[in-house]
Amino acid sequence: MRTSAEPRSRYEYPAHWEADVVLRDGGTARIRPITVDDADRLVHFYEQVSDESKYYRFFAPYPRLSAKDVHRFTHHDFVDRVGLAATVGGEFIATVRYDRIGAGGAPASGPADEAEVAFLVQDAHQGRGVASALLEHIAAVARERGIRRFAAEVLPANNKMIKVFTDAGYTQKRSFEDGVVRLELDLEPTDRALAVQYAREQRAEARSVQRLLAPGSVAVIGVGRAPGGVGRGVLANIRDAGYAGPLYAVNKAFPGDLTEVDGVAAYRCVRDVDAPVDLAVVAVPAECVPAVVAECGEHGVQGLVVLSAGYAESGPEGKERQRALVQQARAYGMRIIGPNAFGVINTAPDIRLNASLAPEMPRPGRIGMFAQSGAIGIALLSRLHRRGGGVTGTTGVSTFVSAGNRADVSGNDVLQYWYEDPDTDVVLMYLETIGNPRKFTRLARRTAAAKPLVVVQGTGTAPQGHAVRATRLPHTTVSALLRQAGVIRVDTITELVDAGLLLARQPLPAGPRVAILGNSESLGVLTYDRCLAEGLRPARPLDLTTGATPEDFHRALSAALADDTNDSVVVTAIPAIGEASPGDAELAEALRSAAAGVPGKPVLVVHVELGGLAEALSAAASTAPAAARAAGIDRAPGPEKAPGTDGGAHPYRPAERPPTAETDGAPSSEAPRLIPAYPAAERAVRALAEAVRYGQWRREAAEPGRVPEYEDIDEKGAARLIGELLERGEGLTISDAQTCELLAKYGIQVRRALPAPTPDDAVAAARALGYPVALKATAPHLRHRADLGGVRLDLADEEQLRRAYAELSELFGKPEELRPVVQGMAPRGVDTVVRTVIDPAAGAVLSFGLAGAASQLLDDTAHRLIPVTDREATSLVRAIRTAPLLFGWRGSTPVDTPALEELLLRVSRLVDDHPEVVAVTLEPVVVAPHGANVLGATVRLAPPPARDDHGPRTMPAY
């Protein structure tokens, strides 16, 4: 008989347990199983651990490991005994292991479901969150191997380790006996454990991005000896931006006596720098990058911005080179932006970092920008620069990241940073692809609840160099799911900037009611029509006539803002014939003053060829004359008078004050409101409509729905049934009887259907079910195709049933080809379809629509991410264009939508509770005035994935 100490050869090395993780301080480590080849690493690791930590681990002085210890700690069967190590630079920095135990704590094998767990962390790496990350991973491994509880014995003085266990969020028991604290952890994931995991993930990933965007020192590697070239250009950009920290130029080809380049200290190698280097900007040929990465890792560099091209964008060979780059950098605990990146920018006054190919530092502001493509990054920066100066004054960039091939740092990581960044109010992202939509949706929902997130999403075709999960969902469906997460989804860069400028400096509208006023009747009507097209509720435009003065605009805008029936105001303006530029400044000041009187409602301006007004609105951020002059606006000739004198006061302008950093520099969240101006009505109204929809989402998100609990759900019974069915195959569509049995455990009843291979069988089935009945052909080419005539309804007796059977046989062939069934008639109602799929990229998705060719042709289907809340189920039913058919359209009887919503929630629970359920189709679901009847159902099962977004924290695989 084999003992539990003998390896089980049938369990191979579990490569899927390997993972890179981001630690609390933003560095990275690799977690992997410990093998027999790790004996020397384990001994070396143990030698670096202090005597105190050894004492806490073994409860006694334990200066060194014996040969027996080393054998025990490196020989595992990966089932009953598992060891994991966290490594940096290939060396162990921490270990964790579990041993399965039975009654009394003796070694055991399955089905025993408890294990003893123990950690050891090198003192130099304590406090980095290594043990917490290891606990997440060893718990996931244990669950995979059928272990449900961990037991740990800890000395009372070992407060750090006790805190690791108690802070994890698992249900636990704690006891104290014989001078030892005994902890028991139930490994079933709880909402608190998941919340703890997500919070740790956010802090760690945000910190890792912060180290890249706010480095204490920077080295540019690949600075040319002669002017020109990428490296020399980036060095100049960093220096000219006024970077606040130490800056170094590095090139192995520098002469030995060269000490500086363009006033910057020069070195031949990073290792020669006699001070820490936090960030390295790499601009050397791709074949030289590995040597540079090794030098940086050995010198303790925290992160890399790799501008070098020649990676996955260049083909298969470059893809392998990119994979090796990520592997090498992570081995040293470094994160990478790039390769093939445009660079990063941080306009914070204490940083002022322009480590990019942009020759000029953008205006400081409160907009965070992310782009994958360098070309798109240039377009975004230039467009915001033009619009930021000409329209909204000091609205500019807080931080900018162009990630290139995003082999490591992605939009998800940067989103984690912006979520808690106090200097960023609005996030703009151009995403050619979304590498992990499931995680992005989760992060976007949380971010959008705090600040606007505006996204241009690519069409799904991944550029060369982007590793993305293939999705089976249409582009429009993925876009709809993003909108449900609070993402403001736009189609172009122009719309991205238009929406961003509005959201950066105007409050969210409280509703869709829009007041329109201006000095052009036709422009007002055009704005009115666009509001209707965008689903807004505009009031009739107020025409001030072309002779309107700034005072007229001021009075009209003040009145519109004070009117409780308006949620926002659009001002239309055209130039008056012969009007000089001072009129633009006066009009801008009038609008600013009126808007300041009611700060809770957004104001937008639509101007036609009125260049001066855009600049004047910028100048109106400050009431000082200097601000107007800075914008290139001169006042009318005449003597200036001091404030308070007869000629100096203005009927709607407050007393002038000197410019401050609040008004002329980088704006704070309390900076004056700046009114965005748009050169076309459709652009202004589109931006406003997005703000209205986002405001509505924010209000709904403040009161989220809940996932209901149903007492009649048998979750454990369903799990047992699924397990038994999966033992018969890797993936299968289960039989009708098995489908009905599984669905019934979640309170979903499928109307019984009996096979009818002969007319006599059909008659017997009808007698068993009771008349009236329906006769259906269930052959694949006829199933759910009532339009082909394969269904006969309301058969009241045997004669009608036999006649219908003969008709179907005559039309479509022999019974064995038809596969006829008899089913009891359901109450008449509206035929609908409910489906779920597990998409590789988006995750579990619940879909709903009406049955029939028209809905399929028009793609009239709505989608929600699983798990679905009660509020989401309600909105899902109403989201399709044909929803009026459910609510009494044209005098029809309304159907029982609450019953339909409950059905949707039960299906969502089934799929969420059991990841083995990879597809469900309920078709048709007849929703009657009382109740919803499922007439047909199919379920497909498959083994669950080893890890998902609810699993332990991991970085994307390379």
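Oh and the sequence shown: position 740 is 739 in numbering that gives the first Met the number 0, straight run, nothing missing. A virtual CB, placed ideally from N, CA and C, is assigned to each residue, including glycine. In this text the structure is predicted, and so the values were computed from the model without any measurement.
| Asked | Found |
| --- | --- |
| Simplified DSSP assignment, three categories, for Lys715 | helix |
| Residue ranges of each alpha helix (DSSP H) within the region 182–218, 4 or longer | 190–212 |
| Sufficient close CB pairs (3 or more, under 8 angstroms) joining the region 373–384 to the region 487–495 | yes |
| Helix, strand or coil at Leu22 according to DSSP, with G and I counted as helix | coil |
| N-terminal and C-terminal residue of the alpha helix (DSSP H) that Lys162 is part of | Asn158 to Thr165 |
| Arg40, DSSP secondary structure in three states | helix |
| Beta-carbon proximity list for Arg656, same chain, < 6 angstroms, skipping 5 on both sides | With a pLDDT of 34 at Arg656, under the threshold of 50, the modelled position of this residue cannot be trusted; read the value that follows with caution. Here the set comprises nothing. |
| Residue ranges of each alpha helix (DSSP H) within the region 464–532, 4 or longer | 474–483, 492–504 and 520–532 |
| Given Arg147 as reference, the closest of Leu725, Ala308, Asp79 and Ala84 once Cα atoms are compared | Asp79 |
| Nearest-angstrom Cβ-Cβ length linking Ile336 and Ala285, presumed shorter than 8 angstroms | Contact doesn't hold; Cβ gap of about 16 angstroms is too wide. |
| Contained alpha helix (DSSP H) runs [length at least 4] in the region 257–332, N- to C-terminal order | 288–298 and 315–330 |
| Burial state of Glu588, where buried means 16 or more other Cβ atoms lie within 10 Å | buried |
| Spatial distance of Arg750 from Arg782 (CA atoms) | 16 angstroms |
| Sequence-distant residues of the same chain with beta carbon closer than 8 angstroms to Gly145, five excluded per side | Gly109, Pro110 and Asp112 |
| CB-CB length for Val281 against Val272, believed under 8 angstroms | Actually they are not in contact, since the Cβ atoms of Val281 and Val272 sit about 15 angstroms apart, beyond 8 angstroms. |
| Between the CA atoms of Asp349 and Ala243 - distance to the nearest angstrom | 6 angstroms |
| Burial state of Leu556, where buried means 16 or more other Cβ atoms lie within 10 Å | buried |
| Span separating the alpha-carbon of Thr398 from that of Val343 | 8 angstroms |
| Three CB pairs or more closer than 8 angstroms across the region 248–261 and the region 225–235 | yes |
| Cβ distance (whole Å) where Asn353 is taken to contact Asn236 below 8 angstroms | 5 angstroms |
| Through-space distance from Ser174 to Pro361, alpha-carbon basis | 59 angstroms |
| Where Thr892 falls: helix, strand or coil (DSSP) | coil |
| Terminal residues of the alpha helix (DSSP H) in which Phe175 lies | That residue, Phe175, is in no alpha helix (DSSP H); its beta strand (DSSP E) goes Thr170 to Glu176. |
| Contact check, Gln737 vs Lys775, beta carbons under 8 angstroms | no |
| Span separating the alpha-carbon of Glu585 from that of Ala558 | 19 angstroms |
| Integer-rounded CB distance, given that Val425 should sit under 8 angstroms from Arg365 | 7 angstroms |
| Three-state class that DSSP yields for Gln748 in the structure shown | coil |
| Other residues of its chain near Gly746: CB distance less than 7 angstroms, five sequence neighbours each side excluded | Tyr709, Asp711, Ile712 and Arg905 |
| Contact set for Thr423: own chain, Cβ-Cβ below 8 angstroms, skip 5 residues either direction | Arg365, Ile366, Gly367, Ser397, Thr398, Trp417 and Lys450 |
| Assigned secondary structure, Ile350 (DSSP; H/G/I helix, E/B strand, else coil) | coil |
| Reduced DSSP secondary structure (H/G/I, E/B, other) of Gln799 | helix |
| Unbroken alpha helix (DSSP H) run spanning Thr136, endpoints | A small correction: the amino acid at residue 136 is His; Thr does not occupy that position in the sequence shown. First-last of the alpha helix (DSSP H) with His136: Val129 to Glu143. |
| Any non-hydrogen atom of the ligand ADP closer than 7 angstroms to Glu900 Cβ | In terms of ligand content, the structure shown is empty, and the ligand ADP therefore cannot be addressed. |
| Assigned secondary structure, Ser621 (DSSP; H/G/I helix, E/B strand, else coil) | Low local confidence applies: a pLDDT of 39 at Ser621 is under 50, so the model's placement there is unreliable, and no value is given. |
| Distance between beta carbons of Leu535 and Val570, contact taken as under 8 angstroms | About 16 angstroms separates the two Cβ atoms, so there is no contact after all. |
| Proximity of Asp261 and Arg224 at Cβ, strictly below 8 angstroms | no |
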